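Asker: So the sequence shown is numbered by numbering that gives the first Met the number 0: it starts at 0 and just counts up by one.
Glycine is no exception: its CB is placed at the ideal position from the N, C-alpha and C atoms.
Bear in mind the structure is a predicted one, so any value in this text is a computation, not a measurement.
Could you have a look at this structure, given as structure tokens, before my questions?
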Amino acid sequence: MVKIDNIELPDFPLLLAPMEDVSDPPFRALCKEQGADVVYTEFVSSEGLIRNAAKSVMKLDIYEKERPVGIQIFGANLDSMLQTIDIVSASKPDIIDINFGCPVKKVVSKGAGAGILKDICLMEQLTAEMVKRTNIPVTVKTRLGWDHDSIKIVEVAERLQDVGCKAIAIHGRTRAQMYKGDADWKPIAEVKNNPRMHIPVFGNGDITSPEKAMEMRDSYGLDGAMIGRASIGNPWFFKQVKHFFKTGEHLAPITLEERVDAARRHLQMAIDWKGEILGVFETRRHYTNYFKGIPHFKEYRMKMVTSDDSKDVFAAFDEVLEKFAGHQFTE
0 MVKIDNIELP
10 DFPLLLAPME
20 DVSDPPFRAL
30 CKEQGADVVY
40 TEFVSSEGLI
50 RNAAKSVMKL
60 DIYEKERPVG
70 IQIFGANLDS
80 MLQTIDIVSA
90 SKPDIIDINF
100 GCPVKKVVSK
110 GAGAGILKDI
120 CLMEQLTAEM
130 VKRTNIPVTV
140 KTRLGWDHDS
150 IKIVEVAERL
160 QDVGCKAIAI
170 HGRTRAQMYK
180 GDADWKPIAE
190 VKNNPRMHIP
200 VFGNGDITSP
210 EKAMEMRDSY
220 GLDGAMIGRA
230 SIGNPWFFKQ
240 VKHFFKTGEH
250 LAPITLEERV
260 DAARRHLQMA
270 IDWKGEILGV
280 FETRRHYTNY
290 FKGIPHFKEY
300 RMKMVTSDDS
310 KDVFAAFDEV
320 LEKFAGHQFT
330 E
């Protein structure tokens, strides 16, 4: 069993990573149904939240069926972050996660996300003060370092633990790498193997198959895996990994009917939560993977990703179900 403070999780839990415009309530619900042990919100801007920006406030919506659920926040100003802790705590998440890893320029340029990796003392101070501000467990998601020459993740993780961080998820790339090259899990294993570490250490980056998840567990000895891009349009990834762990075999391919049903539910939940326009727009990125493996699918995908009317998208789902009935997927 793995514990984040008093939150009990199964051995080697699978966590849905916080992803902007992806890990919203509809998608989190689908991933939870398919075996995700912990889910995280999209990251929430501290500056947006204290100014009551509608988009930031909306990201605080969490639901009982999601628990345990973490709300992730980012920022670099101590006062703003402490005000954010107060606002977020009112939503009663199970976990408050601090984003010290986002590599996107508009975040980094403000000293937030991975930008803070250039100031480890500030990173430690922010974490310490936020831990003091709330009784909710505070965790951190970060990267190996700013660049290859500044990787100090073993020291950083220990310092964050010592000021009260209850778990750490580490993406196996530096900020300079963005998402290029291969994730390096060895430094994450060094964090886990540090005899002074006693909080859970989760790995993130390039977990693209059940075999890779098993490698992270068995060869690197980490406490769990945080799944990001592999889950987009594939909420079944969590179930696939758990089936592989249990049986050593791959789960039978997800059927066309299951894929269409998930796509329909996803779109409907998105519309119910954020309205027709955003609901239609923000589910588009999932369709390629929902229907991956269907030959000559481009015509139908174009209908799904270019229509602004949900009726047309639902109609495209029906067409796919009728046109490709009986199609056998290989993965």
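Enumerate in chain order the residues of its own chain whose CB-to-CB distance from P24 is below 8 Å, with the five nearest sequence positions on each side excluded.
Answerer: Taken in chain order, the residues that qualify are D60, I61, Y62, E65, M268, W272.
Asker: If I'm right that L255 touches K238 with Cβ under 8 Å, what's the distance once you round it to whole angstroms?
Answerer: L255 to K238, Cβ: 17 Å. No contact.
Asker: Looking only at C-alpha atoms, which of A182, A168, V240, S208 sits nearest to N98?
Answerer: The shortest C-alpha separation from N98 is found at A168.
Asker: If you draw a straight line from the alpha carbon of E189 to that of V153, how long is it in whole angstroms?
Answerer: Taking the straight line from one Cα to the other gives about 7 Å.
Asker: Would D311 and K302 be called neighbours here (beta carbons separated by less than 8 Å)?
Answerer: Yes, the Cβ-Cβ distance between D311 and K302 is below 8 Å.
Asker: Helix, strand or coil, according to DSSP, for V68 in the structure here?
Answerer: Of the three classes helix, strand and coil, the one that applies to V68 here is strand, per DSSP.
Asker: Let me make sure I understand the geometry here. Which of Q327, I276, E248, A262 has the alpha-carbon closest to that of D317?
Answerer: Nearest option by C-alpha distance: A262.
Asker: Taking buried to mean at least 16 other C-beta atoms within 10 Å of its own C-beta, is M0 buried or exposed?
Answerer: Exposed.
Asker: CA-CA distance, E19 and E41?
Answerer: Going by the C-alpha atoms only, they are around 5 Å apart.
Asker: Per DSSP, what kind of secondary structure is S218 in: helix, strand or coil?
Answerer: Reduced to three states, the DSSP call for S218 is coil.
Asker: What residues are listed by DSSP as bridge partners for K140?
Answerer: Looking at the DSSP assignment, K140 forms a beta bridge with N98, A168.
Asker: Looking only at C-alpha atoms, which of P12, I49, N51, L48 sits nearest to Q332?
Answerer: Absent from the model: residue 332. The displayed extent of the chain is 0 to 330, so no value can be given.
Asker: Indicate the three-state DSSP secondary structure (helix, strand or coil) for S230 in the structure shown.
Answerer: DSSP places S230 in helix when its eight states are reduced to three.
Asker: Can you name the residues that DSSP bridges to L14?
Answerer: According to DSSP, L14 bridges with V37, M225.
Asker: From this set, D96, I94, A113, which residue's C-alpha is nearest V103's C-alpha?
Answerer: For the residues D96, I94, A113, the minimum Cα distance to V103 belongs to A113.
Asker: Could you compute how far the alpha carbon of I3 sits from the alpha carbon of F244?
Answerer: If you take the alpha carbons of I3 and F244, they lie about 22 Å apart.
Asker: Once you ignore the five residues that flank L48 on each side, which residues in its own chain have a CB closer than 6 Å to its CB?
Answerer: If we look at L48 and ignore the five residues flanking it on each side, its Cβ neighbours are S55, T83, I86.
Asker: From Y286 to R300, what does the alpha carbon distance come to, in whole angstroms?
Answerer: If you take the alpha carbons of Y286 and R300, they lie about 7 Å apart.
Asker: L29: which of S230, T305, R158, A324 sits nearest, CA to CA?
Answerer: With distances taken between Cα atoms, L29 lies closest to S230.
Asker: On the CB-based measure, 16 or more other CB atoms within 10 Å of its CB, does D93 come out buried or exposed?
Answerer: The residue in question, D93, is buried, as its Cβ has 16 or more Cβ neighbours within 10 Å.
Asker: Going straight from the alpha carbon of D217 to that of T305, what length do you get?
Answerer: Approximately 43 Å, taken between the alpha carbons.
Asker: State the start and end residues of the unbroken beta strand (DSSP E) segment that holds G47.
Answerer: Element bounds for G47: not the beta strand (DSSP E) but the alpha helix (DSSP H), 45-49.
Asker: Could you please give me the residues that DSSP links to G202 through a beta bridge?
Answerer: Partner(s): I169, A224.
Asker: Note down, in chain order, each residue of its chain lying with its Cβ closer than 8 Å to the Cβ of S79, except the 5 sequence neighbours on either side.
Answerer: Correct list, in chain order: S45, E46, I49.
Asker: So what's E63 in DSSP terms, helix, strand or just coil?
Answerer: If DSSP states are grouped into helix, strand and coil, E63 belongs with the helices.
Asker: Going by other Cβ atoms of all chains shown within 10 Å of its Cβ, with 16 needed for buried, is Q124 buried or exposed?
Answerer: Burial call: exposed.
Asker: For G69 versus V37, is the C-beta distance shorter than 8 Å?
Answerer: Yes, the Cβ-Cβ distance between G69 and V37 is below 8 Å.
Asker: Which residues in the same chain as D181 place their Cβ atom closer than 7 Å to its Cβ, once the five residues preceding and following it in sequence are excluded?
Answerer: Result list for D181: D205, in chain order.
Asker: Quick one: grab the DSSP three-state call for V1.
Answerer: It is a strand residue.
Asker: Can you list, in chain order, the residues of its chain with a C-beta nearer than 7 Å to that of H326? Leave out the 5 residues immediately preceding and following it.
Answerer: Hits under 7 Å: L255, I293.
Asker: Considering only C-alpha positions, which residue in the set L121, H242, I276, T207 is nearest to N288?
Answerer: Among L121, H242, I276, T207, the Cα nearest to that of N288 belongs to T207.
Asker: Let me check understanding here. Comparing Cα to Cα, which of S90, K91, G100 lies closest to A75?
Answerer: Answer by Cα proximity: G100.
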